[in-house]
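Quick notes on the structure that follows.
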Amino acid sequence: MMVTRKTYAQIIPLFLILLASCIEPYSPPEIEAIENILVVDGFINISDNTASVRLTQAAALSDGATSYAELNATVMVEDENGSTFFLTEQGDGNYYTSGTINLDITKKYRLHVTTTNQKQYFSDYIEVKATASIDSITWRPTDRRDGINIYVNSHDDNPENIYYQWTFQETWEYTAGNYSMYKLVDGEVELNTQNLYMCWLSKPSTEINIASTEHLSGNLVRDYQLVFIPKGAEKISRKYSILVEQRNLTKEAFDFWTQLKKTTENLGTLFDPLPSQVLGNLHSQTDSNEPVLGYFSGGSVSKKRIFIEIGDLPPDLRRSSPPPCAIEQIPNDQLSGSPDMLLIGTYGVPVVEGYTYSTGKNCMDCRDNGGVTSRPDYWD
Amino acid sequence: MNIFYRVLALFSLLFAPMLTLAQAPRVTGSFNGTAFQKFVEEIESKTSYHFYFNPAHTDSLTVTASPENQALDELLNQVLAGTGLHHAIDLDHNVYISKEREILSDLPDDFFGTGVSTPGRPAIAFDYTLYEKREKQRKLAETRLYSIGVKTSNLDGKASLAGYVRDAASGSPVIGAAVYVENPMIGVATDGFGYYSITLPKGRHELKIQSIGMKSTERQIMLYSDGNLNIELDEEVTPLKEVVVQSERDVRVRGLQMGVEKMDIKTMKQMPLALGETDIMKVVLTLPGVQTVGEGTVGLNIRGGATNQNLILFNDATIYNPSHLFGFFSTFNPDVLNNVELYKSGITAEYGGRLSAVLDVTSREGNLKKFAGSGGISPITGRLSLEGPIIKDKFSFLIGGRSTYSDWILGKLKTKSLQNSEASFYDLNIHLSYKVNDKNNVYVSGYMSKDKFKLNSDTLYNYSDKNLSLKWKHVFNNKLYGVLTSGYSNYSYSITSDINPVEAFNMKFAIQQTNAKLDLSYFPNTKHTILMGLGTIRYKLSPGNMQPFGETSIVTPDKLQNEQALESSLYVGDQFELSQKLGLYAGIRYSFYQFLGPKDVYTYGAGQPRELSSMLDTIQYASGKTIASHHGPEPRLSLRYSLSRNASVKISYNRMRQYIQMLSNTTAIAPTDIWKLSDNYIQPQIGDQYSFGFYKNLKGGLIEFSMEAYYKTMKNSVDFKNSAVLLLNHHIETDVVNATGNAYGIEFLLKKSAGKLNGWISYTYSRSLLKTQSIHSSETVNKGKYYPSSYDKPHAVNFIGNYKFSRRFNFSLNTTYSTGRPITLPLLKYDLGGNPRLFYSERNQFRIPDYFRLDVSINVEGNHRIKKLAHSSWTFAVYNLTGRQNAYSIYFTSKDNVIKGYKLSIFGRPIPTITYNFKF
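Chains as they are written, first to last, in this note's numbering: chain V, 4 to 383; chain Z, 12 to 931.
Take a look at the structure:
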């Protein structure tokens, strides 16, 4: 048998194929305005026997505001036996119970809203869930050592309570780039007696944090990640605190938040789910086809706060130096013509020739970054 | 000069046998340093020999010999020894002196097929190059008259001729070759085995054989009775790769089929590519009526059907996930492919099981004659394939493998979710074909692939495909052959997440399919071709199995019950040429389906929507017990009426039933999509398609025009409630809704298949709409109104052009335009818990921007000398030349208190590639 060998080789792209995917901002086409849609964000809190409801109207995407307050509605919480508690508006669409009300965890409640145009809205009857306390809030450096993760750990002895939701408030202490000792007022240099060096900034959580232990053999949550703080961030430049609130959800509420998360947060992959309308547990009595947004739920809230100081961090994750501030000088003879401003210090030895200042953001006034100069009362 | 002698020689050859045999005179004489010219004169004067030679070859030759009654042949052997000259003497006493090559003065044994061969003559060793040799064999075969069957003087009636058409170089079958005679016009095409069977009036015929990429040939036959003739075709020696557009020119007009597109690998290798590798799924996308939801996905939406409504067959095994690497590659390794057939309508009765279309992919057979290899390297993949005979001309193998060898490309991806990720795949193909004897052939083909990827470095996805098919072809007689096929397909995936050791899990999905079928092809006479068969498929589906991963995990094992079912079918179809003008295909398929236990089935309150709240009871079915059964006929009809030799109209109707569906709530096919068997709640899908076509050839078939219009209805399509949960859902029936759909469209195609400028342009208008039907509002989408499906893209234009500047320079251009696909956009934003959220429109009420892309490629060939060390070519291609940022998706997210809209493009700038090919 004659054997000949034939080789056919193909050396494909010598030139690098760079996958050229890109993401750019997109403005949707002008969508004609649709009728006002009521949004209800309500919670009855059996920890302190209060109820709060925020009523708004959804806004067009192009609107500057996220929503418009729905004012002067009649809002009440009703129990199965017909007892009602009225909520009164206290500005900007926020409705609260006055004082404490007598809530019973064994009862089911619903929300009843009547808007000024006489439309009636009801929620489904909801179960009020008791929430277990948070076991711990922990943190540790990431495996890649590019920052730290903060986790929540919890469990509930009641095997029914398997849906958890967390919201939190982060607060951190930070400083301006320089201490401003003086200030220029009407061309005169004065001592700056106001603290503008150290600030505290608070931010609420912006993502939906929920977990279910449905698929676990024990009703416990281990290391649910709440926050990632990158190395060198201002948040952990001095001292940081997080206050976590935990709520137990009903299955329906959990499904609602899951859908909302899917359709508004986890998008932009190659395999996105089809976004869809997410409706909660509220309905219009007047028109069953009218969509009502938001959710009404109830239960107790458990809270836990922790602090992290920069000294607690491993050395490689500490902020090495604050962002640089360019220092400029203003000679004495130009002070009188200058507008009011903060000054850092003096220059010229032994005779003071003038003052130094910086125009960089957060270089003399920590409020530039959004914080306040009053120390929170829980800060120690 | 040489030519002159050759012509002379040939001329004399033709007449030689007609002369009577004369006694060869013998030679006596004495030559001592005699010039050859003188020697010749002397012999010519003494004998009846006559010499033909080129004096230039012999001017320095002298003869020294003293023959005594010697045979001239013997004498010349002495005289010409060592001179490089040869001689030949024919029966007419002509003597030819030639340089380097001997002239054949005799015809081969039994040249005229008289059964009488001249004994005693030794075979002459030729020194032709392979090419010349083959050319010669071809010419001989073409001029020879083949007697078929038992000789008889009775030439009344008809007889059938059957055999294989093979590639002379590799021995592999030539599929779709036209075998025909012109008077009367009778023709057939070879099947998937290269087999043909043609019934002709007895007597003398000139049988013509044509196939794309192969040299046309013909055979002179004398048909006495039924017999066999195997035919070998030579590859067309055009080193330039030509765009050969689909099959033979006349098939569109004259064939009975409509809505069929055939492409061979040579055609596909022409198209400009994005990732340096020919991808058949991407090539199929350039055909009218084929759409996709976005580039980078392999799902095909054919004539308004969903991606899971296509039956994708690879050597008769069903492929469940035709994608690799997020869909950037298809599962088909171009090195081992032979051709692809896409059936969009007029699907014949032998196919069934999916609603929309059939994509039949076949691999090559290994080279029967010699070993060969091929391969390729790109930054993403490497490929290698080997083939050759195990027993020459009888048993061959073909093995192909492909793998990614680096993950670096992912680092280049700008998609945030793909950074810090890994992805790799490999696949293996094996194909064995064994020609046991003329009546029996056995084929084995196997396929295996594995994909692995990790997104955001926390969840590892694995999926794999395994297929095996065994085929035995038996020829009973010229008019009947049968193929027994058994196959096994296994598709499975697993998801492993271990970011949190306490919740680490592994989730598995698997589908297994075992099938057996028998297909018979019967050719009773020229007017009928009958195909019939029966088959059965056993499905076993493991819809989800979640297990804890690692020792610290406290995940509860959760396993959905397996599903099993049996799908059986019977079919018969007849292709009937009623008259020269009228052809009819009538077929029927009957399918039976049983959904079998063991399984627990939930029941729901009568007249209530299927929801958890309406769940009543659980019924336990024992193993093998029928839970639900469905069955029904699937008629298939098509009719052709020839308006003239160059124009025809066709109509067709087909009904399809589908018993297995993919559940996916993503727009693109995702590796985590699950399949679901029809059961007592999910009814089998039923689709009807009516189509009409008009076909015309212009300029003698150089330009083809076709128009096809279709209307399709689909029943029991599966769609989902908003917020459906598909994974690990123990009662999936509560999350799906029953949809009906209809799709309609019209496709125009104008094609020039030869000449310096060739290519095609197509325009398609199509719509695809769905509607959910239920009396319960919770089971409807968009309030029960018709809404466009996610792949409804009304306008599509494709242009593929190829211009050959010279034998060495070739320019190709590919342009695609289509309407953007429907999407659901947010209408409003609202505030919930201090963060902005979105309120979306009803499903699919908006569209992403229109899609447009222009690709070019230039192919430069090396020189065309046939004998040289290596043949090389360069291809310079630019994918998406205009750099248009075509939207893959539009999405909105709420992050850090702000809502932002984004447009994601996959190939958002021009992608140049340079390919170097060589062959030796």
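C-beta atoms are modelled at their ideal positions from N, C-alpha and C, and glycine is treated no differently.
Here the structure is a predicted model, which means the values were calculated and not measured.
Check                                                                                                                         : Outcome
Ser367(Z) versus Tyr755(Z): straight-line alpha-carbon distance, rounded                                                      : 12 Å
Inter-residue spacing [alpha-carbon to alpha-carbon] between Ser456(Z) and Leu443(Z)                                          : 6 Å
Within 7 Å of chain Z by C-beta, residues of the segment 208 to 222 of chain V in sequence order                              : Thr209, His218, Leu219, Ser220 and Gly221
The segment 295 to 302 of chain Z / the segment 653 to 662 of chain Z touching (three or more Cβ pairs under 8 Å)             : no
CA-to-CA distance, Ile245(V) to Ile151(V), given in whole angstroms                                                           : 13 Å
Closer than 8 Å at the beta carbon, the chain Z residues around Asp275(V)                                                     : Thr677, Thr678, Ser900 and Tyr902
Per DSSP, cross-strand counterpart(s) of Thr724(Z)                                                                            : Asp699(Z) and Asn753(Z)
Within chain V, partners of Met292(Z) - CB distance below 9 Å                                                                 : Within 9 Å Cβ-Cβ: nothing; Met292(Z) doesn't reach chain V, min ~16 Å.
7 Å Cβ cutoff, Glu259(Z) in contact with chain V                                                                              : Unreliable placement is indicated for Glu259(Z), whose pLDDT of 45 sits below 50; the coordinate value is still reported in the next sentence. For Glu259(Z), the answer is no, since every Cβ of chain V falls outside 7 Å of its Cβ.
Alpha-carbon spacing of Asp138(V) relative to Phe89(V), whole angstroms                                                       : 35 Å
Length of the line joining the Cα atoms of Ser500(Z) and Pro333(Z)                                                            : 13 Å
Enclosing beta strand (DSSP E) for Thr261(V) [first to last residue]                                                          : Unbroken run through Thr261(V) is the alpha helix (DSSP H), Lys254 to Thr267; no beta strand (DSSP E).
The segment 835 to 849 of chain Z: positions lying closer than 8 Å to chain V by Cβ                                           : Thr835, Leu836, Pro837, Leu838, Leu839, Lys840, Tyr841, Asp842, Leu843, Gly844, Gly845, Asn846, Pro847, Arg848 and Leu849
Partners in chain Z for Tyr29(V), counting only beta-carbon separations shorter than 7 Å                                      : Ile901, Gly912, Tyr913 and Lys914
Same chain, Cβ closer than 6 Å to Glu272(Z), five either side skipped, listed in chain order                                  : Leu298 and Leu353
is_contact[Asp803(Z), chain V] using C-beta, thresh 7 Å                                                                       : no
Nearest-angstrom beta carbon gap, Thr496(Z) and Lys461(Z) [assumed within contact, 8 Å]                                       : Incorrect: roughly 25 Å between the Cβ atoms, too far for contact.
Three-state class that DSSP yields for Arg37(Z) in the structure shown                                                        : strand
Ser689(Z) and Pro682(Z) closer than 7 Å at C-beta                                                                             : no
Touch test, the segment 397 to 409 of chain Z against the segment 205 to 213 of chain Z, Cβ-Cβ under 8 Å, three pairs minimum : no
Residues in the segment 491 to 515 of chain Z having any Cβ partner in chain V nearer than 7 Å                                : Asn511, Val513 and Glu514
Burial state of Arg668(Z) (16 or more Cβ within 10 Å)                                                                         : buried
Alpha-carbon to alpha-carbon, Pro36(Z) and Asn105(Z)                                                                          : 12 Å
Neighbourhood of Leu824(Z) by C-beta distance below 6 Å, restricted to the same chain and skipping five residues each side    : Gly812 and Val867
C-alpha distance - Tyr862(Z) paired with Arg895(Z), whole-angstrom precision                                                  : 9 Å
Residue from Arg413(Z), Ser777(Z), Ala597(Z) and Phe337(Z) with nearest C-alpha to Asn473(Z)                                  : Phe337(Z)
Nearest candidate by alpha-carbon position, reference Ser414(Z), set Gly795(Z), Phe560(Z) and Asp346(Z)                       : Asp346(Z)
Contact with chain Z by Val42(V), beta-carbon distance below 7 Å                                                              : yes
Any C-beta of chain V under 7 Å from that of Ala179(Z)                                                                        : no
Cβ of Thr567(Z) within 7 Å of any chain V Cβ                                                                                  : yes
Chain V contact for Tyr139(Z) (CB, 7 Å cutoff)                                                                                : Because Tyr139(Z) sits at a pLDDT of 48, beneath the cut-off of 50, its placement in the model cannot be relied upon, and the following sentence gives the value as read from the coordinates. Chain V, which has no Cβ nearer than 7 Å to the Cβ of Tyr139(Z), makes this no.
Tyr774(Z) to Leu865(Z) span [Cα, whole Å]                                                                                     : 16 Å
Interface flag, Ile26(V) vs chain Z, CB-CB below 7 Å                                                                          : yes
Classification of Leu849(Z) by the beta-carbon crowding that lies within 10 angstroms, buried from 16 upward                  : buried
Range covered by the alpha helix (DSSP H) that runs through Thr69(Z)                                                          : Pro66 to Thr69
Inter-residue Cα distance where the pair is Val254(Z) and Ser764(Z)                                                           : Its pLDDT being 34, under 50, Val254(Z) is placed unreliably by the model, and nothing is read from it.
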